[in-house]
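> In order, the protein sequences belong to chains A and B. Using my numbering, the letters of the first sequence map in sequence onto residues 50 to 375. Using my numbering, the letters of the second sequence map in sequence onto residues -18 to 203. We treat Cβ as the ideally placed atom computed from N, Cα and C, and that holds for glycine. Quick one: the structure is below, questions incoming.
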Amino acid sequence: MKQKTLLFGALGMLVVLILFMVKDLFLSSPEPGNNPWKYDLETMKQADTMKPAYTMVKAIPSGLQGLVAIATGPGDRIYTTGAGGAEIYDSACRLLLRFDFEDTAYALTVDSTGNLWMSMGDHVEVWNKTGKKLQTLKSAGRGSLITSLALTGSSLLIADAGLKVVYHYDHMGNMINRIGEKDPVRKVPGFVIPGPWFDLAVSPDGSLWIANPGRHELEQYRFDGQRLLSWGKPGIGIPEFCGCCNPSHFTFLPDGSFVTSEKGIERIKVYNPRGKFSAVVALPGDFDEGTRGLDLATDSRGRILVVDPVRKQIRIFVKRSTTSNN
Amino acid sequence: MPNRREFLTTLFRAAFLTGLGVLGGAMVLRKGKPGECGFGFDCAHCGEADKCVIPHPFESRQMVWQLDPSLCTHCGQCATACVMTPSAVKCVHVYAMCGYCDLCGGYFKPGTKTLDTAAENQLCPTNAIKRKFVEEPFFEYTIDESLCIGCGKCVKGCDAFGNGSLQLQVRHDRCKNCNQCAIARICPSGAYRKVPARHPSLLRGFEQKPKNGDFTQSQENR
Ligand code: SF4
Ligand code: SF4
Ligand code: SF4
């Protein structure tokens, strides 16, 4: 009898031991606990307390796989591109056309006839507003990644993040000159492009501005490559540009003010035409964590259109006082 | 009684078979570093080891633990849960992706005013990242693995503000290759898996032309 009790006792203990091991090995839930080395991005983002002067009035869900670029065209039509296709919306955000292509378009600009000029990585293609390819310009070369395009009456400006240079082409794709290569004689410091973020835009008064994200600056150039002006400071304060490569995108409002977007601390801001900070459009709380690639466009009414690649939306922001008109 | 000729034939066969067995066993169990044949010949490092018809050396056919940086959420447990002290997980710098930035999000504490190497400006709790001037305006960042505890703080900073070139990896010169990796068991992101010892890292690479327009980094098995 005593032996039996001992045997059952030992067996019971063994079962308890096995159960304990099973729980420890397979059932214990991950306990992230307190991370003493936490990089507190949230607190940093919440420090941006300035009230945005803009509010979002619309979020258009896009049917594209990966949203990358946005532009506005004649009649304030909205054009977006990304992985495998493009979409055209009217100014009231109704989808007019979606067409497909094989590649991913990394940059977009629209000419006065509504044709789409798109970067397909290392070269530019021109498609008309019915989704027919019209022209393929020759490749910019091995290692090229074209991330921004702008058109003027006779020029096509191309920002190449891969080769870290801006090309000045004519509309037929013939190179006129290169802009922004390091040249101590002309006092051109060269572009510092740590990642695939390299934007340019032509202001309403026709001047060429190029982002130098590694230096946290926007630089003005003449079309012949002469560097004229620059502004911008690194830092995490709202008037500054955060991280190692910002602003990632920028564009102009009709009055010549700059609209910029940043990654890291996701925020969109407006600076006056002389580069003085003037307003907040959106702060990190408006985006999902880790959102990057906030390409920007504006329309004739001063609305700011933002590509949100994480939410797969085109988000439209307007100045608070003008909300009722939109 | 077997005659002498039969005895010698049997002996020869036995010796031949034993030799074959030893050779086969050596082929299967031979040791060798990943990427090498393991026969102890002078290796020409032809880079063709993967295409070789001879089975890989025993060690490089083994599986080892590795973490996938694209899944890691920098929870800090790589530093604390490893059976090794300090952890076998270290920060690895993928130089090909690095922007060599002056204002490095992985090196400086956010809001640092002066971009110099003063200890109070550094994000790394053990000052394991070394900053060296290359040429205006570029700086190179190297990891002193003897100081790195694998906390992932710099990795998060680099991910958020930079290119994600700082990445956590299990270093196999330190890892005990535990049967059940203590970190894998509790990793909240399920970032750990077993990989062949001949391809022991799971570093993310930077694609010049990201597919699907996704400008985050693609993963590369190196
Ligand atoms: S435990 Fe997982 S999520 Fe946490 S730091 Fe390690 S790999 Fe990253
Ligand atoms: S911050 Fe952490 S992971 Fe990065 S180098 Fe320092 S100790 Fe290593
Ligand atoms: S296998 Fe063991 S030694 Fe290696 S990382 Fe995991 S817990 Fe650390």
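1. Find the residues of chain A that neighbour F142/B, judging by a C-beta separation of less than 7 Å, and give them in chain order.
2. Taking Cβ positions only, does V241/A come closer than 8 Å to chain B?
3. Indicate the three-state DSSP secondary structure (helix, strand or coil) for M65/B in the structure shown.
4. What I want to know is whether the C-beta of C72/B ends up closer than 7 Å to one or more non-hydrogen atoms of ligand 2.
5. By Cβ distance below 7 Å, which residues in the same chain neighbour N202/B in space, the five residues on each side in sequence not counted?
6. Can you tell me whether Q362/A is helix, strand or coil according to DSSP?
7. Bridge partners for W258/A per DSSP, in chain order?
8. Can you look up V234/A in the DSSP assignment and give me helix, strand or coil?
9. Can you check which of these residues, R352/A, K181/A, L200/A and G180/A, is closest to G222/A by C-alpha distance?
10. Do L149/B and P50/B have their CB atoms nearer than 8 Å?
11. Taking Cβ-Cβ distances shorter than 8 Å, what residues in chain A pair up with L84/B?
12. When you check each C-beta in the stretch 80 to 104 of chain B against every C-beta of chain A, which residues fall closer than 7 Å?
13. Using only the alpha-carbon positions, how far apart do A294/A and S310/A sit?
14. Indicate whether at least one CB of chain B lies closer than 8 Å to the CB of Y88/A.
15. Go ahead and label V64/B buried or exposed: buried means 16 or more other beta carbons lie within 10 angstroms of its beta carbon, across all protein chains shown.
16. In chain A, what lies closer than 8 Å to G206/B by C-beta?
17. Comparing C-alpha positions only, which one of M167/A, D304/A and K361/A sits nearest to A154/A?
18. Between which residues of its own chain and P288/A is the CB-CB distance below 6 Å, once the five residues before and five after are set aside?
19. For ligand 2, any of its heavy atoms closer than 7 Å to the Cβ of L104/B?
20. Is H74/B close to chain A? Criterion is C-beta to C-beta, closer than 8 Å.
21. Rounded to a whole number of angstroms, what is the C-alpha to C-alpha distance between E101/B and H217/A?
22. Taking just the CA atoms, how far does A165/B sit from G58/A?
23. Output the residue ranges of the alpha helix (DSSP H) runs that lie fully inside the stretch 136 to 182 of chain B and measure 4 residues or longer, sorted by chain position.
24. In whole angstroms, what is the alpha-carbon distance linking P169/B and G138/B?
25. Kindly examine ligand 3 and report whether one of its heavy atoms sits closer than 7 Å to the Cβ of I164/B.
26. Does the distance from the CB of V159/A to the CB of Y128/A come in under 8 Å?
27. Quick one: which chain A residues come within Cβ less than 8 Å of A60/B?
According to the structure shown:
1. As a first step, residue 142/B must be located in the second sequence, where it is residue number 161. Chain A residues near F142/B: C291, G292, C293 and G313.
2. Start at 1 with the first residue of the first sequence, and residue 241/A comes out as number 192. Output row for V241/A: interface = yes.
3. Locating residue 65/B in the second sequence gives position 84, where the first residue counts as 1. Three-state DSSP puts M65/B in coil, outside helix and strand.
4. As a position in the second sequence, residue 72/B is number 91, starting the count at 1. True, at least one ligand heavy atom lies under 7 Å from that Cβ.
5. Position 221 of the second sequence, counted from the start, is the residue given in the question as residue 202/B. Residue confidence for N202/B is low, a pLDDT of 34 falling below 50, so the modelled location carries little weight and cannot support an answer.
6. Taking the first residue of the first sequence as position 1, residue 362/A is located at position 313. It is a strand residue.
7. In the first sequence, residue 258/A corresponds to position 209, counting from 1. For W258/A, the pairing in a beta bridge is given by DSSP as A250/A and Q269/A.
8. As a first step, residue 234/A must be located in the first sequence, where it is residue number 185. Of the three classes helix, strand and coil, the one that applies to V234/A here is coil, per DSSP.
9. Here residue 222/A corresponds to residue number 173 of the first sequence, with the count starting at 1. It is L200/A.
10. Within the second sequence, residue 149/B is the residue found at index 168, counting from 1. Within the second sequence, residue 50/B is the residue found at index 69, counting from 1. Yes, the pair counts as a contact, with Cβ atoms nearer than the cut-off.
11. Working through the second sequence from its first residue, we reach residue 84/B at position 103. Under the 8 Å cutoff, chain A gives H265, P283, G292 and C293.
12. Answer set for the stretch 80 to 104 of chain B: G80, C82, L84, C85, G86, P91 and G92.
13. In the first sequence, residue 294/A corresponds to position 245, counting from 1. In the first sequence, residue 310/A corresponds to position 261, counting from 1. Per the sequence presented here, residue 294/A reads as Cys, with Ala not at that position. Those two C-alpha atoms are separated by around 11 Å.
14. In the first sequence, residue 88/A corresponds to position 39, counting from 1. Answer yes: the Cβ-Cβ gap between Y88/A and chain B drops below 8 Å somewhere.
15. By 1-based counting over the second sequence, the position of residue 64/B is 83. The residue is exposed, with fewer than 16 neighbouring Cβ atoms inside 10 Å.
16. There is no way to answer for residue 206/B, as the model of chain B reaches only from -18 to 203.
17. Taking the first sequence and counting its residues from 1, the one referred to as residue 154/A is at position 105. It is M167/A.
18. Sequence index remark: in the first sequence, residue 288/A carries index 239 (1-based). So the qualifying residues of the chain are F326.
19. In the second sequence, the residue the question calls residue 104/B occupies position 123. Correct: L104/B has its Cβ closer than 7 Å to ligand 2.
20. In the second sequence, the residue the question calls residue 74/B occupies position 93. So no, H74/B is outside the interface.
21. If you number the second sequence from 1, residue 101/B lands on position 120. If you number the first sequence from 1, residue 217/A lands on position 168. Computed Cα separation, rounded: 45 Å.
22. Within the first sequence, residue 58/A is the residue found at index 9, counting from 1. Within the second sequence, residue 165/B is the residue found at index 184, counting from 1. Roughly 35 Å separates the two Cα atoms.
23. 163 to 167
24. Within the second sequence, numbered from 1, the residue matching residue 169/B stands at position 188. Within the second sequence, numbered from 1, the residue matching residue 138/B stands at position 157. The alpha-carbon atoms of P169/B and G138/B are separated by roughly 19 Å.
25. To locate residue 164/B, count along the second sequence from 1; it is residue 183. I164/B: yes, Cβ under 7 Å from ligand 3.
26. One-based indexing of the first sequence puts residue 159/A at position 110. One-based indexing of the first sequence puts residue 128/A at position 79. In this structure, Y128/A lies closer than 8 Å to V159/A by Cβ.
27. In the second sequence, the residue the question calls residue 60/B occupies position 79. Result: W86.
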